[in-house]
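Numbering of the sequence shown is given in this note's numbering, commencing with residue 443 and proceeding in unit increments. Glycine included, C-beta positions come from ideal geometry on N, C-alpha and C. No experiment lies behind these values; they were computed from the predicted model shown.
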Amino acid sequence: MDLWQLPVIEGPLPGATLAVAAALFIVVAVRRWRRRALIWALASAGAGAVIGYLTCKIVSEAKVFGTLLPPFVWHWVVPVFAAVGFVLGALQGTRAWRKVVSVAAAVAILVAGALGVNLAFGLNPTLGSVVGVAQPEIEIPAVEASSAAPSQPLYQTWTPPAGMALIGKRGSQIIPATSSGFAARPAGIYLPPAALVKDPPALPLVIMMMGHPGTPDPTSISSALDGFAAHHQGLAPIVIVPDQLGENVADTACADSDAYGKARTYVTVDVVAWAKAHLNVIQDPAYWTIAGYSNGGGCAITFGAQSPQLWKNILDISGEPYPGSEQPANITKIIYGGNASAFEASKPVNILAAAAPGSYQGMNAILTAGGADPEYIKGADMLAKAAGAVGMNVVRYNVPGAGHTGDALKGGLAEGIRVLYPILGLSAP
């Protein structure tokens, strides 16, 4: 297995790392303490706890992750910083081998804490996605001709051949920014089992964008689609997970700007053109879905509203109510050059309201939010109302008990895919 594909949510790694960190902490703590050394270690632990608390407070109030930090982050960060402070404070007045153990313990505690927070968020499933390393390059089967919409739904005409793979393949591809010049990271790609056989059928396409900060990693959606494909003769959409943030991982507000480049053109022109030229997909907007989570969800509803001729399906999972909602003042200044009117016009509710009658005929919008995520529930309700008002077929769903975390992504994908399968001809209505 590629080391970067090591699972860090499922599997033994988080627990094993925590066990190592705990063992090293015990070795540091269990000793014959001198009074001054113990006071120094405890004071360092207290200082670490304060630093951890202040770090959480600053990050939370700045809404770096799009919302206030969940309590579980504080519950990890403050004790981890305190423990690191303690083991580093224990360097005072001890033997050389104990100094080595203290430093090793500090590193192990930080790694265990980072994996613990990542596990609780549930958004970065592999080591590579945590540190921003792309999936290995995937081989794309050659496309011989464009594929129009099928005369009958695929589930009625497709018979899987013997020996078809049980799960799909995922990887990455560099999608050239021919028109946009956007500095994008490699896009994630998912090919379902039906795409891997000899003479595969043309399949629907999903363009899925992830959150900010984040990576264009296809693991979450590919895992969800593998589950559906297993019950539908290997049929599932082909997926592209493009990078709407760019190599600087900036909040581009899904827009073209001088500050961060042409993110919108990259997704809606370059990625679309590449998909048509390189993927065996049905080249009919009725079979294309623009999708996203959090920041990517805000982009999905925006691109869906701006370009209804490209796709007839929108899947917005815990999406921002509008791109740039985390920091509207900065976005107005940086992306729109201080033009507040242009920023207002870019909001999906305003794009929808300004469109000509009939622009969204036949479109489907699925909007989900975590059931314990009131801020994003409010945004999803607002967008659902706006989409319904212009004639879209709207489905609204709250994932029970989920916050703005991996549970919301997993549950939103499950509901969205369930709704989309019959629409895309992959299952019976």
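Listed as beta-bridge partners of Met-606 by DSSP are no residues whatsoever. Restricting attention to Gly-688, Ala-795 and Met-650, the CA atom closest to the CA of Ala-666 is found in Met-650. For Trp-730, the number of other beta carbons within 10 angstroms of its own is at least 16, and it is reported as buried.
The stretch 525-541 and the stretch 562-579 do not touch, with fewer than three beta-carbon pairs separated by less than 8 Å. The C-beta distance from Pro-727 to Lys-754 rounds to 5 Å, short enough to fall under 8 Å. The C-alpha of Ala-524 is placed about 10 Å away from the C-alpha of Ile-551. When secondary structure is reduced to three states using DSSP, Trp-446 falls in the helix class.
In the displayed model, Lys-789 falls within coil according to three-state DSSP, outside both helix and strand. Going by beta carbons, Ala-814 and Pro-765 fall outside the 8 Å limit. Per DSSP, the continuous alpha helix (DSSP H) segment holding Trp-518 begins and ends at 513-531. Beta-bridge annotation (DSSP): Ser-767 is not paired with any residue. Nearest to Ala-487 by alpha-carbon distance, out of Cys-498, Arg-474, Phe-467 and Lys-499, is Phe-467.
Within the DSSP secondary-structure output, Thr-810 pairs in a beta bridge with Ile-759 and Tyr-839. Distance from Ser-621 to Val-711 at the Cβ level is roughly 5 Å; contact confirmed, criterion being Cβ atoms closer than 8 Å.
The shortest C-alpha to C-alpha distance from Val-545 to any of Gly-558, Ala-504, Leu-557 and Gly-531 is the one to Gly-531. Sorting Ala-747, Ile-759 and Glu-786 by C-alpha distance to the C-alpha of Val-832 places Ala-747 at the top. Distance between Ile-865 and Leu-752, taken at the CA atoms: about 16 Å. The beta-carbon distance between Ala-636 and Gly-676, rounded to whole angstroms, is 4 Å. This is short enough to meet the 8 Å contact definition.
Between Gly-564 and Gly-848 a beta carbon distance of about 2 Å is seen, short of the 8 Å cut, so the two are scored as contacting. Straight across, the Cα-Cα distance linking Ala-471 with Ala-547 is about 11 Å. Residue range 730-735 is occupied by the beta strand (DSSP E) that includes Ala-733. In the three-state DSSP reduction, Met-805 falls in the coil class, being neither helix nor strand. Under the DSSP definition of a beta bridge, Lys-704 partners with Asp-698. DSSP places Gln-675 in the coil class of the three-state scheme, outside both helix and strand.
Asn-737 counts as buried, since at least 16 other C-beta atoms from the protein chains shown sit within 10 angstroms of its C-beta. Around the Cβ of Leu-825, a 10 Å sphere holds 16 or more other Cβ atoms; the residue is buried. Across the structure, Gly-845 and Gly-812 are spaced so that their CA atoms are roughly 5 Å apart.
Here Ile-481 is exposed, its C-beta having fewer than 16 other C-beta atoms within 10 Å. When DSSP reads this structure, Ser-614 sits in a beta bridge with Glu-579 and Gly-630.
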